[in-house]
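**Q**
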């Protein structure tokens with residue numbers, strides 16, 4: 006592909022992205038294809054000869070696009086969002102064009118130093134303690150795994166790295182914690198049976214006294230507590246675990262405190278949400294995802310640690326072929342995580358923070374929280390809907406409740422969700438809270454305006470009537 | 006940022022990328038900045054108000070660019086390359102614009118099904134056995150970790166995932182294996198002391214009889230062999246471990262065979278390099294990186310397994326909030342690796358394979374191998390240079406040898422490397438082979454032509470004379 010053709014399709018693709026994002030409301034949020042429909046339209050053998058970009062682009066639009074679930078749709082209320090934004094998309098274009106692999110300082114000093122700078126910007130924006138050092142990971146799953154590994158090494162005097170894991174170490178998290186804790190505990194060799202799921206209170210937040218009891222019980226049994234995970238903003242209902250009490254317990258029992266704020270962390274840029282981070286001085290490691298609520302293209306997960314030395318000691322490798330004369334003077338982020346190779350992710354984060362400014366980002370997050378409170382009010386006022394959890398941020402958990410028994414209600418709400426998503430007009434997902442099937446209305450997409458939430462509510466009421474018949 | 010501004014800067018950035026890639030030869034391959042030079046030019050606090058894209062783009066060019074080491078430079082001979090290509094960059098733009106997070110089938114059916122299809126294209130292109138199933142990982146480090154974890158679970162009847170790792174499991178790899186084996190073995194809880202580094206022959210390939218001896222010795226001690234890693238194309242010298250003999254040993258001793266072909270795997274698309282994969286029927290898991298030699302933007306690592314069921318059983322999680330009505334009918338790639346969140350990486354791979362076609366990709370790889378053989382010839386013919394390893398593919402290991410003692414030679418070649426890289430005209434890196442400091446000439450950048458290799462050789466000879474004085 007020569008320069009002319011690259012530019013021609015580059016412009017075309019810029020136009021396409023622009024039109025895609027501005028016209029996205031016309032598309033069904035959730036792809037309506039059936040399993041096998043896309044792959045059935047693709048050749049099962051690779052082409053021997055090269056094909057024209059014209060053909061590829063046509064197939065992209067005709068075959069691929071119908072199978073895309075549109076995460077940037079303003080009526081995206083599912084899971085948590087993975088927001089992109091125009092400045093972030095532009096930065097991704099530059100990143101792809103440069104094509105640097107930023108494993109160590111030498112392989113692009115600007116990538117390493119910009120990462121250091123923007124991560125400290127984020128630390129300041131959230132109000133994390135001075136001295137905490139940041140590194141970009143791909144996802145919160147990976148960052149949490151890093152925390153579990155560092156905790157494992159600290160608990161065994163860095164002996165597991167050498168001799169392997171030989172004794173049971175215990176991990177504590179609330180019963181509402183994210184599945185990445187289980188996955189990470191399995192990967193790091195703790196084993197899922199060595200996770201203690203601590204009960205939660207009526208707000209679905211961990212009960213700290215039960216955490217302490219569990220730790221003491223394990224100690225009595227001769228087991229070693231290694232890591233406590235506090236969740237700020239659980240996936241099911243954005244419940245906020247009580248950091249001050251948990252931090253205090255961790256300090257007294259000398260246990261690593263990891264904080265998973267994957268979605269909710271972004272809210273801490275608001276003065277009025279800073280309460281979430283009270284007790285932050287106790288945190289050993291902290292993760293939140295700018296790729297969720299901070300308009301930075303997936304993937305971009307911000308991981309902060311109090312003691313970078315422990316992180317590095319957990320992951321460092323020193324093969325001859327990676328050594329440089331600068332190693333003693335610089336940070337080599339290859340030793341701050343699992344992967345050796347690293348994309349230049351700091352660029353998009355820098356573009357986003359500079360384009361919007363802290364105030365611009367605050368305004369967006371505040372707007373979402375306002376819309377969620379509004380939606381919460383409608384649910385509370387309505388006679389056949391029921392609010393199922395507090396709304397500390399911008400996720401509303403609710404269900405249709407026509408006074409039937411619990412089993413029927415679960416079925417009814419499952420039907421409601423399916424009928425809503427089948428319209429393609431909005432996309433919501435579900436969870437269970439204390440065994441009850443609950444709809445999650447996550448209002449955090451960059452382009453979601455009041456009208457989208459209103460329309461969603463009208464549709465929900467309409468479909469609720471239909472499934473209730 | 007409105008539509009007009011997005012398009013304006015979109016076009017500008019397309020032009021910039023196009024001009025960057027076509028004018029890249031004028032830039033120093035290795036960034037010449039000093040530690041702290043970039044971060045010293047960046048504000049230490051985030052901006053309160055948003056800034057214009059004009060300013061951001063200006064800073065990108067003035068502050069960031071001098072700190073970039075240009076991986077796409079035709080005189081890039083360092084490490085292994087991380088090639089991008091025009092169709093791949095264009096695909097990245099679409100991927101960023103769509104901004105899908107492809108953790109499960111429902112969150113973008115096309116991403117899941119396209120990944121399945123292009124991974125099978127790759128399997129066919131390399132000649133891996135029918136039935137092996139593929140999934141895209143970010144890096145070979147991650148893929149190898151997946152292999153070590155699956156091997157751990159297989160060796161313990163999936164008990165480690167539940168109860169934690171309780172007994173020593175042993176990993177075997179050649180003494181020339183990549184550092185990701187050590188890192189992965191530490192993460193997965195094996196411990197670095199439970200890796201057996203098997204000696205290599207004069208070609209730096211594993212000696213299979215010594216592998217078998219080591220396995221038998223461990224068994225006698227009551228230790229459990231869990232995983233053998235064969236490297237096809239070691240990082241230091243692209244040595245090729247003997248797959249047929251190693252595979253046979255693994256089958257007889259019932260040990261998982263993982264193949265790390267991160268760089269060299271791409272060469273298997275050539276009929277004349279298919280010998281590397283003889284014995285492929287024994288492979289349990291295999292990784293190679295299209296982001297190295299197959300012109301697909303970093304990150305894109307292709308991981309194949311014989312038994313996807315074992316992989317899924319290692320990683321599966323079933324939180325309520327991720328369940329869908331389609332789960333029994335589709336693949337959910339969240340259970341095929343470590344991360345939950347996944348970018349839409351299949352798109353760029355599809356764009357690349359279709360744009361170049363298999364023949365186009367073969368031509369590029371074949372051209373690099375030809376250039377490496379040419380360079381090897383020059384080294385062999387020259388009286389003061391010495392070839393340090395066989396050249397099975399496109400990496401030439403050599404050193405300057407003026408007949409001094411070994412210690413002096415190491416220093417001399419270190420000086421030579423530094424003086425070469427300081428010019429900014431070419432970028433090479435080093436390794437050690439049997440304790441000897443060796444320069445690595447990795448010829449595998451998409452844009453490298455015969456003239457670049459010739460100019461590099463002239464410069465190397467010139468600098469060799471200077472440092473020898």
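Residue numbers (our numbering), protein chains in the order written: chain A, 6 to 474; chain B, 6 to 474. Heads up, the beta-carbon is just placed ideally off N, CA and C, and yes, glycines get one too.
(1) Starting from residue 209 of chain A, find everything on chain B with Cβ-Cβ shorter than 9 Å and list it in chain order.
(2) For a minimum of 4 consecutive residues, which ranges assigned as the alpha helix (DSSP H) are wholly contained in the region 39 to 64 of chain B?
(3) Can you list, in chain order, the residues of the region 354 to 371 of chain B whose Cβ is nearer than 7 Å to any Cβ on chain A?
(4) Let me see if you follow: with CB-CB separation under 8 Å, is residue 52 of chain B close to chain A or not?
(5) Decide yes or no for the touch test of the region 422 to 433 of chain A against the region 228 to 244 of chain A: beta carbon pairs closer than 8 Å, at least 3 of them.
(6) Could you tell me how far apart the beta carbons of residue 246 of chain A and residue 210 of chain A are, in whole angstroms, since I believe they sit closer than 8 Å?
(7) Please decide whether residue 322 of chain A counts as near chain B, where near means a Cβ-Cβ distance under 8 Å.
(8) Can you tell me where the alpha helix (DSSP H) with residue 360 of chain B in it begins and where it stops?
(9) Please classify residue 364 of chain B as buried or exposed, where buried requires at least 16 neighbouring CB atoms within 10 angstroms.
(10) Compare the C-beta of residue 114 of chain A against all C-beta atoms of chain B and say whether one is closer than 8 Å.
(11) Select from A/219, A/287, A/196, A/276 the residue whose C-alpha is nearest the C-alpha of residue 256 of chain A.
(12) Is residue 186 of chain A closer than 8 Å to residue 223 of chain A when the C-beta atoms are compared?
(13) Any heavy atom of the ligand ATP closer than 7 Å to the CB of residue 59 of chain B?
(14) The beta strand (DSSP E) with residue 234 of chain A in it runs from where to where?
(15) Thinking just about the alpha-carbon of each residue, which of A/75, A/77, A/343 is nearest to the one in residue 191 of chain B?
(16) Can the beta-carbon of residue 148 of chain B be found closer than 8 Å to that of residue 306 of chain B?
(17) For the structure I just gave you, are there three or more beta carbon pairs, one from the region 444 to 455 of chain B and one from the region 376 to 396 of chain B, closer than 8 Å?
(18) Give the list of continuous beta strand (DSSP E) stretches no shorter than 3 residues that lie fully inside the region 235 to 266 of chain A.
(19) In terms of DSSP beta bridges, what is residue 402 of chain A paired with?
(20) Out of B/427, B/92, B/445, B/69, state which residue places its alpha-carbon closest to the alpha-carbon of residue 468 of chain B.
(21) So is residue 90 of chain A buried or exposed if we call it buried at 16+ other beta carbons inside 10 Å?
(22) Does the region 197 to 209 of chain A come close enough to the region 149 to 165 of chain A to have 3 or more Cβ pairs within less than 8 Å?
(23) Taking only three categories from DSSP, how would you classify residue 201 of chain A?
(24) Taking the continuous beta strand (DSSP E) assigned at residue 176 of chain B, which residues delimit it?
(25) Between residue 308 of chain B and chain A, is any beta-carbon pair separated by less than 8 Å?
(26) With a cut-off of 8 Å, does the C-beta of residue 20 of chain B fall near any C-beta of chain A?
(27) Can you check whether the C-beta of residue 144 of chain A is within less than 8 Å of a C-beta belonging to chain B?
(28) Only counting runs of 3 or more residues, tell me where the beta strand (DSSP E) segments fall wholly within the region 299 to 337 of chain A, in order along the chain.
(29) Looking at chain B, is there any beta carbon in it that lies within less than 8 Å of the beta carbon of residue 276 of chain A?
(30) Assign residue 76 of chain A to buried or exposed, taking buried as 16 or more other Cβ atoms, counted over all protein chains shown, within 10 Å of its Cβ.
(31) Since residue 8 of chain A meets chain B, which of its residues come closer than 9 Å, beta carbon to beta carbon?
(32) Enumerated in chain order, which unbroken segments of the beta strand (DSSP E) with a length of 3 residues or greater are wholly contained in the region 102 to 148 of chain B?
(33) Which partner residues of residue 23 of chain B appear in the DSSP bridge assignment?
(34) Spell out whether any CB of chain A is found under 8 Å from the CB atom of residue 332 of chain B.
(35) Is residue 323 of chain A buried or exposed, if buried means 16 or more other CB atoms sit within 10 Å of its CB?
(36) Please specify which runs of the alpha helix (DSSP H), each continuous and at least 4 residues long, are wholly inside the region 407 to 462 of chain B, giving them in chain order.
**A** Reading off the structure:
(1) Here the premise fails: no neighbours, minimum Cβ distance about 13 Å.
(2) 58 to 64
(3) 356, 358, 359, 360, 361, 362, 363, 364, 365
(4) Chain A contact via Cβ: present.
(5) no
(6) 5 Å
(7) yes
(8) In the DSSP assignment, residue 360 of chain B falls within the alpha helix (DSSP H) that extends over 351 to 386.
(9) Exposed is the label assigned to residue 364 of chain B, since fewer than 16 other Cβ atoms lie within 10 Å of its Cβ.
(10) yes
(11) When each option's Cα is compared against that of residue 256 of chain A, the closest is A/287.
(12) Taking C-beta atoms as the reference points, residue 223 of chain A and residue 186 of chain A fail to come closer than 8 Å.
(13) Of ligands this structure carries none, so the ligand ATP is not represented either.
(14) 229 to 236
(15) A/343
(16) yes
(17) yes
(18) For the region 235 to 266 of chain A, the full-length beta strand (DSSP E) segments reaching 3 residues or more read 261 to 265 along the chain.
(19) Bridge partners of residue 402 of chain A: A/445.
(20) With distances taken between CA atoms, residue 468 of chain B lies nearest to B/427 out of B/427, B/92, B/445, B/69.
(21) buried
(22) no
(23) Note: residue 201 of chain A maps to strand in three-state DSSP.
(24) 174 to 179
(25) no
(26) yes
(27) yes
(28) 306 to 310
(29) No, because no Cβ of chain B sits closer than 8 Å to the Cβ of residue 276 of chain A.
(30) buried
(31) 23, 24, 26, 27, 91
(32) 138 to 142
(33) None, per the DSSP bridge assignment.
(34) Residue-level contact check: residue 332 of chain B does not touch chain A, since none of the beta carbons of chain A fall below 8 Å from its beta carbon.
(35) exposed
(36) 411 to 427
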